[in-house]
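Below you'll find the structure, written out as C-alpha cells, and then a few comments.
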Amino acid sequence: MEQNKFFKFGLCILACVFIVTGFAFPVSSKEKASKEKLKVGFVYVSPIGDAGWTFQHDLGRIAVDKTFGDKVETKFVENVPEGAEAERVIRDLAKSGHDLIFTTSFGYMNPTLKVAKLFPDKKFEHSTGYKVAKNVGTYLCRFYEGRYLTGIIAGKMTKSNSLGYVAAFPIPEVIRGINAFTLGAKSVNPKIKVKVIWINSWFDPGKEREASEALIDQGVDVLTHHTDSTAPTITAEEKGVYAIAYHSDMSKYGPKAHLTATTHVWDKFYTQITDDVLNNKWKSKEIWGGIKDGMIELAPINTKAVPSDVVKMVQKTEKMIVDGSFHPFQGPIKNQKGKIIVKSGSHLTDKDLLGMNYYVEGILGNIPK
Amino acid sequence: MLFKIEPRPDPSKKMKYLSPLIAVVMMLITGLIIFLILGKNPVSAFHAFFIEPVNDFYGLGELIIKASPLMLIGVGLTVGFRANIWNIGAEGQLAMGAVFAGGIAIYFSNSTSVFIIPFMFIAGAFGGMLWACIPAFLKTEFNANEILVSLMLNYVGILILSLLTHGYWKDPNGYGFPQSILFSESALLPILIEGTRLHAGIIISFLAIFIGWIFLLKSFIGFQLQVSGLAYNAASYAGFKYKKMVWFGLLAGGLAAGLAGVSEISGPIGQLLPSVSPGYGFAAIIVAFVGRLHPGGIFLSSLLVALLYLGGESVQMNLDLPSAVTGIFQGMLLFYLLAADFLINFRFKVKSKL
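Respectively, the protein sequence lines represent chains R and F.
Number 369 marks the last residue of the first sequence (this note's numbering); no jumps.
Number 1354 marks the last residue of the second sequence (this note's numbering); no jumps.
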C-alpha cells in the first residue's frame, strides 16, 4: 500500500518534469540569436582555470568580445577530449551558426579538417597543426623566442649551474623550447647543464610537482616547465629555488621564486582574424608569430631577484630578435656529441625547427623514443 | 531524538528496479535547483541539456555512437559483476584492443582486402582478453585481488599505446607528433547512414546486448555466475567451479572492451592516438550499475549517460555554463542511485532517548 503511494508520487514528479521540459520548445526558438552578429566559437582542450594554455586562449576570446562589442558573439566549449569527441563539438559549433571556429589543440587537427569539408562556407583556424585547407588556417607562436630570453635569465641566476625542465611530450614543439632555453642559458654561462623530466601529460599537477621535487633534489636551482599547471612554480617557491613559468604570468603563485614567464598572447591575433572575417578579407594562412607580432611576451621580470644588467641584456636581445638581427637558433650550434650542426653565420630554417628531434649541447639524457 | 538505521525485513523487489528511475528524477530536480541558483532559465537549460543534442538525425546518431562503447563494455563487465568479480580494468583492455587492431591496420595499410576489418576485430578481441587474462590468472593461481591487478593494468595498457604512438608507429610524415598514420579505407568501418557518423561498430554493441541477455538470463553458466555472486557457499556446495567463473567473468569484460577499442579506432577516430577513449572503461562501470546489471537496463543507462555528455557540451554552447556541469549530473545520478538502493534495503527509525 505504502509502496504504491510512493510509486504514484514518483510518476507524478516524472510527469511534471516532462511537462516542464516540453514547454522548452517554443522558448528556445525565440532565443535564437539574430543573424547579423558574427558568431565565433572556441574549442578548448582543458578547463579554463586561472593560468595556462587554455586560460591564455580565453583571454584572447575576451579581447575579441571587448573589441567588437555587439558585432560579434563568442562561445566556447572547454575540456573537450582530442579524438572522436572533438569532431562532434566542432560540428555542433558549425551547425549552430558559428562562422569562425578556433580549435586550440593539436589533436583537433584531423577532426577540424573533417568538419571543414562539410561546411565549406565556414572558416576554421587550428592551432599548432600542420594541415591546411581552403577554409582551414593554422596558427602558432614562436615560443622559442621567449624561451631563449628566459634561458639568459636562468643562466645568470643559477649558482649550481644546474637547470631543471619539466616537459610534457617529446614532440618537436617541446624539444625546440628546451633547446632554445639551453642555448640562451649557455650564451651567458657555458657551464650550465639542463636536466629534463618527461611526464607524458600536458596537465597533471601531481606529476608536475613530483618531477619538480626530483629535479630540485638533484641540485637544480632554476626550474622551468612546458606543462600547463602552476605546480612547478609553487614547488619552487616552497623549496626556495627560482622558477620561470610558461603560458601565463604565474607570479602570484610564487612571489619570490617567479623570475619571469614566457607568455602566449592571442588577443591581437584573434582580433585580427575576426576583423578579417567581418570584412570578408579572410584567407587560409599558416601563421607563426613571435615577439615581433605581439604573440609572445615575457611576463614582468622579478627585479627584486634579477639584477638590472641582466634585465638590460634580455631587453637588448629581445630588440635584436624583433628587428631580425638575431635568431635564437643562430650558429654555431653543437649537438650533444659536440658536433657542429649549425655553422656560424647561418640559422635553422622554419622547416628544420618544425621537425626538430634532437638535443643541443648542454642537455643531459636522451629524448625518449 | 536519534535515528537508528535498521535493515528492512522485506526489501521491495519492485523498488529495486525503480531506483534508477528515482535517481534520474532526483537528478533532474536537483539540476533544476542548480540552474535556478545560477540564474539560468531552467526550461531553456533543460531543453539545451536533454533535447537540443538529440533534436535531429545527426544528434541521435551521435548519441548512439557515444552510447555504443558504454553498452558494449557495460554488458561485458556485468558478466563478472554478477558473480562479484570486479574488473576495473576495462580502460586498459580497451587500449590493448586498440593496440592489436591498430597494429594490423598500420602494417596492412596498403591492402584493400575485405578481411582487414574482421581480422582487426579478432586481434582486438584477443588484445582485450589477453589483458584480462593477467588478473584472472593471478586471481585463480595466487588469489591476488583482481580489483587491484586490473586497475593497475589500466595504466600499463594505456602507456603501451602511448609508447607505440610516440615511437614505433608514429606517422613518419607527421612532424614528430604522437599519432599514427590515418587508416586506409579498408581498415575503416563503413558508415551506416549517410550524413551521420553512425558506423557498423554499433551493430556489435546491439548484438552484445542481445547475446548478453540470452547468456546472463537464459544460460546455465549465467545462472551459475549469479548464484556465485549472491551466495558463494551455496554455489560451491552445488559444485559450481569458482575458478571457471573468474576466468569467464574477466575474459568477457576484456573481450567487450577490446572490441569497443577496435570500434573506436576504426570508426570515429580513424587512426591510433595516444589516448583513444575519454574514460569509457570507467564510465561503463556506472552504466552497468545504473542498468541494474541487466542487459536491457544497460541499454537504457548507456543512452542516458551518453546524453549527459552531449548535454554538457550543449549547455556550454547555449548557456555559457562550465564543463563541470557534466560531472555534476553524473555524480548526482550515481549518488541518488546509491542512496535509493540503500533506502530500499535499510530504513531510518526514530529512537527515543533511553
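Cβ coordinates follow ideal geometry from the N, Cα and C atoms, glycine included.
Could you confirm whether any beta carbon from chain R is found closer than 9 angstroms to the beta carbon of residue i?
i	result
Glu1062/F	yes
Val1276/F	yes
Tyr1017/F	no
Pro1190/F	no
Leu1251/F	no
Gly1174/F	yes
Leu1273/F	yes
Pro1007/F	no
Phe1142/F	no
Ser1314/F	yes
Gln1093/F	no
Alpha carbons only, please: which of the options is nearest the one belonging to residue i?
i	options	result
Phe124/R	Glu213/R, Ile216/R, Asp99/R, Arg147/R	Asp99/R
Leu1130/F	Gly1039/F, Leu1094/F, Trp1213/F, Ala1234/F	Leu1094/F
Phe1335/F	Ser1068/F, Arg1008/F, Pro1020/F	Pro1020/F
Lys239/R	Val314/R, Ala168/R, His258/R	His258/R
His347/R	Gly324/R, Asn357/R, Leu93/R	Gly324/R
Ser1275/F	Leu354/R, Trp53/R, Pro81/R	Pro81/R
Pro255/R	Gln56/R, Gly151/R, Glu237/R, Trp266/R	Glu237/R
Arg1197/F	Met1152/F, Met1015/F, Leu1063/F, Phe1210/F	Leu1063/F
Asn302/R	Gly49/R, Tyr44/R, Tyr139/R, Ala245/R	Ala245/R
Ile101/R	Met313/R, Ile152/R, Ser229/R, Tyr44/R	Tyr44/R
Lys283/R	Phe76/R, Val188/R, Val132/R	Val132/R
Asp267/R	Ala305/R, Phe55/R, Val136/R	Phe55/R
Leu93/R	Gly1258/F, Val1156/F, Asn1318/F	Asn1318/F
Gly1195/F	Ala1067/F, Leu1060/F, Lys1218/F	Leu1060/F
Leu1250/F	Ser1228/F, Thr1078/F, Gln1226/F, Ile1158/F	Thr1078/F
Ile178/R	Thr158/R, Phe143/R, Pro205/R	Phe143/R
Leaving out the 5 sequence neighbours to the left and right, which residues in its chain are closer than 6 angstroms to residue i when beta-carbon positions are compared?
i	result
Cys141/R	His264, Gly289, Met295, Ile296
Ile341/R	Ile333, Asn335
Leu1321/F	Val1315
Ser162/R	Lys193, Gly219, Val220
Residues in the same chain with beta-carbon distance under 8 angstroms from residue i, minus the five sequence neighbours each way, listed in chain order, please.
i	result
Pro368/R	Pro170, Trp198
Glu1185/F	Thr1112
Phe1050/F	Leu1307, Gly1311
Phe1346/F	Ile1005, Glu1006, Pro1007, Arg1008
If we cut at 9 angstroms on Cβ distances, does residue i have a partner in chain F?
i	result
Ile171/R	yes
Gly355/R	yes
Ala84/R	yes
Gly107/R	yes
Ala24/R	Note that Ala24/R scores a pLDDT of 43, beneath 50, so its modelled location is shaky and nothing firm can be said.
Tyr130/R	yes
Glu36/R	no
Ser127/R	no
Val72/R	no
Ile363/R	no
Val40/R	no
Arg61/R	no
Asn179/R	no
Who are the Cβ neighbours of residue i in its own chain at under 7 angstroms, not counting the five residues just before and after it?
i	result
Val64/R	Val40, Val72, Thr74, Tyr270, Thr271, Thr274
Leu1182/F	Gly1270, Gln1271
Asn135/R	Ala116, Pro120, Lys122, Lys123, Phe124, Ser284
Pro1011/F	Ile1344, Asn1345
Do residue i and residue j have their C-beta atoms closer together than 9 angstroms?
i	j	result
Ala1023/F	Val1290/F	yes
Thr67/R	Ile90/R	no
Ala1324/F	Pro47/R	yes
Leu149/R	Thr262/R	yes
Ile1285/F	Ile1147/F	no
Gln1287/F	Ile1029/F	Going by the sequence as given, residue 1287/F is Val instead of Gln. Not a contact, by the Cβ cut-off of 9 angstroms.
Glu1264/F	Ala1098/F	yes
Gly1212/F	Ile1298/F	yes
Gly1127/F	Ser1180/F	no
Leu1189/F	Ser1266/F	yes
Gly1281/F	Glu1141/F	no
Ala1144/F	Val1246/F	no
Phe42/R	Ala180/R	no
Ala243/R	Thr224/R	yes
Lys195/R	Gly69/R	no
In chain order, what are the residue ranges of uninterrupted alpha helix (DSSP H) at least 4 long that sit wholly in the stretch 1209-1285 of chain F? 1220-1230, 1232-1237, 1242-1264
Taking Cβ-Cβ distances below 8 angstroms as the criterion, which residues of the stretch 1322-1341 of chain F are in contact with chain C? Here the protein chains are R and F, and chain C is not one of them.
Which ranges would you report for the alpha helix (DSSP H) in the stretch 1110-1171 of chain F if only whole runs of at least 4 residues count? 1116-1142, 1146-1166
Complete beta strand (DSSP E) runs within the stretch 238-292 of chain R (minimum length 3 residues, chain order): 242-247, 258-264, 286-289
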